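Read the structure below first, then the notes.
Chains as they are written, first to last, in this note's numbering: chain A, 32 to 168; chain B, 27 to 144.
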C-alpha cells in the first residue's frame, strides 16, 4: 500500500528528483508546478504528505500555506527550497501561526538522504495510522 | 598538476552526482541529468535574451532556480555565480550583467566538459 505525496515544484528537474526519492520512500507522487494546479489537486484529492517549493515562478509557496490553512489541513508539509535560511525560518513561523503541520525544512541543493529519511518516516506513520483506523461499512 | 586538479574541483564536485546515482540508480540519475542539461542550456539562453534594466525580477528568479539545479549536480562554480546573480540582480549595470553571463557560460561549459572526460 503506497502513501500519496503531492510535490509542488515549478522546475521539472526538482520535481523529477523529489518524485524518484519519494518513490523509494514508499510514496506515489503527483506533481503540481503552480499555485493554481496545486489548489485544484488539493481540493479534489487527499494526500498523505506535501513537499513545497517556496519559489514558484512569479508565485509564492506561502500562498499554498494560506490555502491549506483555510482547508484546515493537517497533512505533513516539507518545505524544500533554495531560499535562504531566513526565508525558510520565516515560512516555518507562518506555518506554525496558521496551525499547519510543518516538518523541518530541507534546503536546496537537496540532501537526498535527509529527504528520503524524512519521507520514509512520514510514510511509515501514515501506514500505521491507516492500519489502525477501522474500515467502515 | 595540483593547480589543474584544484581548478577542476572548483568547477565540478563529482561526488554529488555519485551520491545521486547511489540514491536513485544509474538510469534515473542519467534521466534527471538530461533534464538538468536541457533546463540549464535553456535558462542560460533566456538570461542572454533578457535586459537587466527591464528584467531584474525575472533574472533574479531564473538565477535562483539555476543556483539550486547547478548545486544539485555539483556544478560548483556555476552555482556560485548564479547565487551572485540572484543577490545582485537588483543593482547590476548592463555591462556587469553581460560579464557575469560570460562567466556563467564558461563555468557551465567547463563543468560539462569535465563530466564528459569521466
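Just so you know, even glycine gets a beta-carbon here, dropped at the ideal spot from N, CA and C.
Note that the structure is predicted; figures quoted are calculated from it, not measured.
What residues match up with residue 82(A) in a beta bridge as DSSP calls it?
38(A), 109(A)
Residues of the region 73-97 of chain B with Cβ closer than 9 Å to any Cβ of chain A, in chain order
83, 84, 87, 90, 91, 93, 94, 95, 96, 97
Any beta carbon from chain B within less than 9 Å of residue 120(A)'s own beta carbon?
no
Interface partners of residue 54(B) on chain A, CB under 7 Å
51
Straight-line CA distance for residue 113(A) to residue 96(B)?
11 Å
Anyone know if the C-beta pair for residue 146(A) and residue 102(A) falls short of 9 Å?
no
If you draw a straight line from the C-alpha of residue 143(B) to the C-alpha of residue 108(B), how long is it?
24 Å
Skipping 5 residues on each side, what residues in its chain have a beta carbon closer than 6 Å to that of residue 153(A)?
80, 107
Cα-Cα separation, residue 32(A) to residue 157(A):
Distance between the alpha carbons of residue 32(A) and residue 157(A) is about 10 Å.
Alpha carbons only, please: which of 76(A), 44(A), 85(A), 121(A) is nearest the one belonging to residue 36(A)?
Nearest C-alpha to residue 36(A): 76(A).
Along the chain, where does the beta strand (DSSP E) containing residue 62(A) start, and where does it finish?
Start and end: 58-63.
Can you give me, in chain order, the residues of the region 27-51 of chain B that have a beta carbon less than 9 Å from any beta carbon in chain A?
Those would be 42, 45, 46, 48, 49, 50, 51, in chain order.
Any beta carbon of chain A sitting closer than 9 Å to that of residue 115(B)?
no
May I ask you to report which of helix, strand or coil DSSP gives residue 88(B)?
helix
At a CB-CB cut-off below 7 Å, which residues of chain B make contact with residue 109(A)?
Result: empty, since nearest Cβ-Cβ is about 16 Å, beyond 7 Å.
Between which residues of its own chain and residue 140(B) is the CB-CB distance below 7 Å, once the five residues before and five after are set aside?
34, 37, 38
Continuous alpha helix (DSSP H) stretch holding residue 45(A): start and end
43-55
Reduced DSSP category for residue 90(A) - H, G, I as helix; E, B as strand; rest coil:
strand
Measure the CB-CB distance between residue 51(A) and residue 85(B) and report whether it falls below 9 Å.
no
Would you list the residues sitting across from residue 137(A) in a DSSP beta bridge?
111(A)
Look at the alpha carbon of residue 90(B) and the alpha carbon of residue 110(A), and state the distance between them as a whole number of angstroms.
16 Å
Taking Cβ positions only, does residue 105(B) come closer than 9 Å to chain A?
With its beta carbon less than 9 Å from one in chain A, residue 105(B) belongs to the interface.
Partners in chain A for residue 67(B), counting only beta-carbon separations shorter than 8 Å
Within chain A, no residue comes near residue 67(B); the closest Cβ sits about 12 Å away, beyond 8 Å.
Mapping the DSSP letters down to three states, classify residue 127(A) as helix, strand or coil.
It is helical.
Residue 112(B), buried or exposed, once every other Cβ within 10 Å from all chains shown has been counted against 16:
buried
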